[in-house]
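Undergrad: Each number in this note's numbering comes from the position in the sequence shown (counting from 1) with 10 added on. Using N, Cα and C, we set each Cβ at its ideal position, and we do this for glycine too. These numbers come from a predicted model, not from an experiment.
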Amino acid sequence: MPNKTNYLSVGKVCLLLDVSPMTVKRWYIWWENKEFEKPEGLYLPKYYYRDRRKTKFFKEEDIPLLEKFRDDLRGKYKGAMSEFNAVYSWGQVGKDKLKENYKITKRKLVR
Numbered sequence: 011m012p013n014k015t016n017y018l019s020v021g022k023v024c025l026l027l028d029v030s031p032m033t034v035k036r037w038y039i040w041w042e043n044k045e046f047e048k049p050e051g052l053y054l055p056k057y058y059y060r061d062r063r064k065t066k067f068f069k070e071e072d073i074p075l076l077e078k079f080r081d082d083l084r085g086k087y088k089g090a091m092s093e094f095n096a097v098y099s100w101g102q103v104g105k106d107k108l109k110e111n112y113k114i115t116k117r118k119l120v121r
């Protein structure tokens, strides 16, 4: 079994990345949802559960990958999560806005 010190909790990772735990949670909800397209070249590392409380932990060596993911979402893949955020964060208002902006869509917008 790997050494427990090689893992960082989601809270500590968020401090290092200067993002909120909710942001990381949304990244993984989006990433694991097959209904939303992910850009080629974007990569999000795996997380691990190391306790009974289902706290997410990350390997220390994955921190640079998470930093790259954060920077890529802010840079070259800006807007990649916009459709997801409209549905997940804004609820019905976001769904209505998407329908206004994308009149011709076959995609079902569900959470």
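For L54, does the three-state DSSP call read helix, strand or coil?
TA: Residue state, collapsed to three classes: coil.
Undergrad: What is the DSSP secondary structure of Y87, reduced to helix, strand or coil?
TA: Coil, per DSSP.
Undergrad: Distance check for K44 and Y98, CA to CA, integer angstroms please.
TA: If I take the Cα positions, the gap works out to 14 Å.
Undergrad: In or out: E50 buried (at least 16 other Cβ within 10 Å) or exposed?
TA: Result: exposed.
Undergrad: Kindly indicate the opening and closing residues of the alpha helix (DSSP H) around F94.
TA: Run containing F94: 92-98, per the alpha helix (DSSP H) assignment.
Undergrad: Pick helix, strand or coil for F46, following the three-state DSSP scheme.
TA: Coil at F46, not helix or strand.
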